[in-house]
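Enquirer: A single structure is presented below for examination.
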Amino acid sequence: MRHINITWLCMVVLSWTPVHAQELRLTLDDAIATAAESSLSAIKAESSYLSGYWEYRAFKAERLPSLTLNLTPAQYNRRIVQRYDSDADRDVYRSQQAYYASGGLSIRQNVDWTGGTLYVDANLDYLRYFGADTYTQFSSVPFRIGYSQSLVGYNAFKWDKLIEPLKFERKQKELTYNMEQVSEEAIRYFFSLAQAQAEYDLAVKNLASCDTLCTIGRERHKIAAISEADLLTLELDVVNARNTLRNSEITLKRAMFQLASFLNIDKGRDIHIALPERPAFEVVAADEALEQARKNNPQFLSIRQNILESRRTVDRTRKESYFNVSVNASVGFNQVADRFNDVWHNLLQQDMVAVSVSIPLVDWGVRKGKYNMARNNLDVVETSARQTEQSIEEEVIMTVNDFNVQGGIIESAEEARGLAESAYEETRARFIIGQSDINSLSLALNRKDAAEKNYIAALKNYWLSYYKIRRLTLFDFDKQQAIK
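Here it is, written out as structure tokens:
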């Protein structure tokens, strides 16, 4: 189960230094950490784990001795009953009033490897009749020990001992798996806002630049340095830049709201994204990733669980198709007396042995049909398991291959961004002094904007690939340790 580190959370909150009262600076690490602690997806993952945790606790409790107190404090009967009158040699109806009370303690212990149940119990009963023949009786069983066992039947305890620990381990792995999935979602929302923020910043700069260039163009048009068509193009650029700014502002607010909603934080604050630096992770070996996936991925545990459950069904239906023999034996002491003190003296031995046999004679093939159906289902589950394993392994390999080239893509995108920025500034400067035309300037501007978007997209793809590998393998390749 996850534990909230209060000190660490305080540091995260303090790192969100607002530029003004309503602005929140958010890094990628902050977004991932906040999503893991407060997002509804994380809460849902934790709740799913807790259901499995308490299910496993119940299984463990069933393996321990159980102590039960059974009480009937009062039972009163007043009725007409049929009795035989030996003097008259006939049955007669008589009125009867009786008060009955009982209490008992029972200890039961299931035996996993045999499938039987060992029990120890003690009982005390009280009976009092009212009427013409009023009398009182006590009956006691101070001690009795017994054992019940199905000799050739299905042993549910044995299969539960194999399956339940595996189910709980899968729940633990699924919690980690789901939390890594939450991190991936946080990355998507984070970079969606980063992209929207970058487009908005570019739109603001482009509008200012277009205004400046249009002003310069008007002055140059007065001296016939540029044509009327070029001036109209510059004015059109201003209108388009203004519309682009409005649209980008809408997109920015939508992305900001979506991220705040996912992180489950105040939606009224402006969030300012701080892009992460270019990462310095080395490549991940596909063989190592496959090894960690087979060891940690909960889907592999789910496959094993499904196969075991199918085999359990085959075992149960096979044994139910045969005859069943069960035995129940106990030994103890009991006594009956009119007074409470006498019921504990001169105890008599109480022995009980019961053997039950159930033999199916004619069921028109129902049991055989269930067994064959269970066998066929097992074949289907095993075939599906192999297909699922292949699918997971292919996904791991493809994700690793994608990740290993992302570092080079980021480096190229960063270089392209710098070149596009320099080319635009050079073209803009040349346009101002009349050495470049409007088409070259527009082309340089478009290249600069595209390079900025491509760089953010490259960062997004890198981090998504990295956290997808973490999710598929539940292994941190940067720290070289399993994720828990």
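For the sequence shown, the working numbering gives the first residue as 550, with consecutive numbering after it. Yeah, the Cβ is synthetic: ideal placement off N, Cα and C, and Gly gets one too. Predicted model, so just to flag it, every value in this text is computed and none were measured.
1) Let's test the definition: count the other Cβ atoms within 10 Å of the Cβ of LEU654 and tell me whether it reaches 16, buried, or not, exposed.
2) How about TYR1011 and ILE959: are their beta carbons less than 7 Å apart?
3) Rounded to a whole number of angstroms, what is the C-alpha to C-alpha distance between SER989 and THR976?
4) Buried or exposed: which applies to TRP913, given that a residue is buried once 16 or more other Cβ atoms fall within 10 Å of its Cβ?
5) DSSP on PRO825, reduced to helix/strand/coil?
6) Hey, would you say THR663 sits closer than 7 Å to LEU1023, going by beta carbons?
7) Quickly, what does DSSP pair ALA735 with across the bridge? List them, please.
8) Starting from the C-beta of LEU715, find all residues in its chain whose C-beta is less than 8 Å away, skip the five residues before and the five after it, and write them out in chain order.
9) For GLY652, which beta-bridge partners are listed by DSSP?
10) Determine the burial state of THR683: buried for a count of at least 16 other Cβ atoms within 10 Å of its Cβ, exposed for fewer.
11) According to the Cβ coordinates, are ARG657 and GLY881 closer than 7 Å?
12) Pairs of beta-carbons, one from the segment 726–744 and one from the segment 580–594, closer than 8 Å: are there three or more?
13) Entirely within the segment 888–950 and at least 3 residues each: give me those beta strand (DSSP E) ranges in chain order.
14) Note down the Cα distance separating ALA570 from ALA804, rounded to an integer number of angstroms.
15) Grab the span of the alpha helix (DSSP H) containing PHE811 for me, first residue to last.
16) For ARG861, which residues from the same chain have a beta carbon less than 6 Å from its beta carbon, with the 5 sequence-adjacent residues on both sides left out?
17) Please classify GLY766: is it buried, with 16 or more other beta-carbons within 10 angstroms of its beta-carbon, or exposed?
18) Helix, strand or coil for ASP709? Go by DSSP, reduced to three states.
19) Using a 10 Å radius around the Cβ and a threshold of 16 neighbouring Cβ atoms, would you call LEU751 buried or exposed?
20) What does DSSP give as the partner residues of PHE1026 in its beta bridges?
21) Tell me whether PRO691 sits in a helix, a strand or coil according to DSSP, three-state version.
22) Classify ALA570 as helix, strand or coil using the three-state DSSP reduction.
23) Quick check on VAL833: does DSSP put it in helix, strand or coil?
24) According to DSSP, simplified to helix, strand and coil, what is ASN755?
25) Tell me the rounded alpha-carbon separation between ILE629 and LEU676.
26) In three-state DSSP terms, what is PHE980?
27) What separation, rounded to the nearest whole angstrom, lies between the Cα atoms of SER758 and ASP998?
28) Does LEU613 come out as helix, strand or coil in the three-state DSSP assignment?
29) Identify which residue in GLN631, GLY652, VAL930 has its Cα closest to the Cα of TYR642.
30) For ASP638 and GLN645, what's the separation of their Cα atoms in angstroms?
31) Please list the terminal residues of the continuous alpha helix (DSSP H) segment that includes SER587.
32) Once the 5 residues before and after ALA1031 are set aside, which same chain residues still bring their CB inside 7 Å of it?
33) Using only the alpha-carbon positions, how far apart do SER697 and VAL660 sit?
34) Could you tell me the alpha carbon to alpha carbon distance between SER596 and GLU586, rounded to whole angstroms?
35) Helix or strand or just coil, what does DSSP make of SER985?
36) Using the C-alpha atoms, what's the distance from LEU927 back to ALA934?
Expert: With the given structure in hand:
1) Here LEU654 is exposed. Its C-beta has fewer than 16 other C-beta atoms within 10 Å.
2) yes
3) 7 Å
4) TRP913 should be labelled exposed.
5) Secondary structure of PRO825 (DSSP, three-state): coil.
6) Against a cut-off of 7 Å, the Cβ pair of LEU1023 and THR663 comes out as no contact.
7) DSSP lists no beta-bridge partner residue for ALA735.
8) LEU850, ARG853, GLN854, LEU857
9) LEU620, LEU673
10) So THR683 ends up on the exposed side.
11) no
12) Contact holds between the segment 726–744 and the segment 580–594, because three or more Cβ pairs, one in each stretch, are under 8 Å apart.
13) 897–907
14) With a pLDDT of 42 at ALA570, under the threshold of 50, the predicted position of this residue should be treated as unreliable, though the coordinate-derived value follows. Roughly 20 Å separates the two Cα atoms.
15) 777–812
16) TRP708
17) buried
18) helix
19) buried
20) Beta-bridge partners assigned by DSSP to PHE1026: none are found.
21) strand
22) With a pLDDT of only 42 at ALA570, under the threshold of 50, the placement of this residue in the model should not be trusted; the figure read from the coordinates follows. It is coil, neither helix nor strand.
23) coil
24) In the structure shown, ASN755 sits in a helix (DSSP, three-state: H, G or I).
25) 18 Å
26) helix
27) 13 Å
28) coil
29) The option with the nearest alpha carbon to TYR642 is GLN631.
30) 20 Å
31) 577–587
32) ASN845, LEU1023, PHE1024
33) Across the structure, SER697 and VAL660 are spaced so that their CA atoms are roughly 10 Å apart.
34) Looking at the two C-alpha atoms, the distance is approximately 13 Å.
35) Collapsing the DSSP output to three states places SER985 in coil.
36) 10 Å
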